[in-house]
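Under UniProt numbering, think of the first position of the sequence shown as 1, with each following residue one higher.
Below is one structure, written out as structure tokens, with a few remarks after it.
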Amino acid sequence: MRMGKDDLFKKRKASSLKQRRIETKNERESLWIICEGKSERNYLENLYPKKFRFHFSACLGAIKSKIAEESEAKTIFVLLDGDIHKDRDIENFRDYCKAYANTTVIVNSPCFEYWLLLHFEETTKPFIGNNQGKTKGSECVRYFKDILKKSGYTYKKGFLDKKLLQTLQESQQQALIRAKKTNKDTGSYTEMYRLFEGLKTP
Numbered sequence: 001m002r003m004g005k006d007d008l009f010k011k012r013k014a015s016s017l018k019q020r021r022i023e024t025k026n027e028r029e030s031l032w033i034i035c036e037g038k039s040e041r042n043y044l045e046n047l048y049p050k051k052f053r054f055h056f057s058a059c060l061g062a063i064k065s066k067i068a069e070e071s072e073a074k075t076i077f078v079l080l081d082g083d084i085h086k087d088r089d090i091e092n093f094r095d096y097c098k099a100y101a102n103t104t105v106i107v108n109s110p111c112f113e114y115w116l117l118l119h120f121e122e123t124t125k126p127f128i129g130n131n132q133g134k135t136k137g138s139e140c141v142r143y144f145k146d147i148l149k150k151s152g153y154t155y156k157k158g159f160l161d162k163k164l165l166q167t168l169q170e171s172q173q174q175a176l177i178r179a180k181k182t183n184k185d186t187g188s189y190t191e192m193y194r195l196f197e198g199l200k201t202p
């Protein structure tokens, strides 16, 4: 029995879709994000649905083990909060990762919310903790919430709603421009631009 043109077209289309699913699955398994919180995952999955696999840890020792375990992965991005780790520990961790060409270390200082803040305003405002339980990171989150409130948004750490995600996506390019102006000497800083530049590299 001869296959009709319509049947042949459907078969080829199904085969093409299957191949794309396999390629997407393989890419996802070879791209890792190691981060400390769920806000990072919410943000990145909105921009790149089903592109990454995620591993959560704030312990540098555990992260090292995961990097070694996934040494065959195409790319690993490690997102660290500067208020959790000492500068010396971060630099030692960067030195460790030099042995893994597939690994990029990205620091947000004091925390990931500083990167989100740059979607709304340009600032290198230093955030100061105290000995009463307030950390640099918690002060940054508080400030970020205040900025959002003025614009009619709300933020719960670990969760980004659809309305906020849409605005973050629309203002990402502006945030990237602002991020590249920051560094350790400017006060607060973020290296998130390195992630997006890394994704453009074949």
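We put the beta carbon where it would ideally sit given N, CA and C, even for glycine.
Asked                                                                                                                                                                             : Found
What residues in its chain sit with their C-beta under 6 Å from that of residue 79, if we drop five residues either side in the sequence?                                         : 35, 40 and 106
Count the other CB atoms within 10 Å of the CB of residue 186; is the residue buried (16 or more) or exposed (fewer)?                                                             : exposed
Straight-line CA distance for residue 196 to residue 158?                                                                                                                         : 21 Å
Less than 8 Å between the CB atoms is what I'm expecting for residue 116 and residue 144, so what's the real figure, rounded?                                                     : 6 Å
Short check: CB of residue 68 to CB of residue 30, under 8 Å?                                                                                                                     : no
Three-state secondary structure (DSSP) at residue 130?                                                                                                                            : coil
With a CB to CB cut of under 7 Å and the five nearest residues on each side skipped, what residues in its chain are close to residue 137?                                         : 81, 83, 110 and 111
Is residue 42 helix, strand or coil by DSSP?                                                                                                                                      : helix
So does the segment 119-126 actually touch the segment 163-178, counting three or more Cβ pairs closer than 8 Å?                                                                  : yes
Report buried or exposed for residue 99, applying the criterion of at least 16 other Cβ atoms within 10 angstroms of its Cβ.                                                      : exposed
Please report the Cβ distance between residue 75 and residue 102, rounded to the nearest whole angstrom; I am assuming they are in contact, meaning their Cβ atoms lie under 8 Å. : 6 Å
Expressed to the nearest angstrom, what Euclidean distance is found between the alpha-carbon atoms of residue 153 and residue 146?                                                : 9 Å
Just mark residue 21 as buried or exposed, buried being the case when its beta carbon has 16 or more other beta carbons within 10 Å.                                              : Its pLDDT being 43, under 50, residue 21 is placed unreliably in this model, and the coordinates cannot settle the point.
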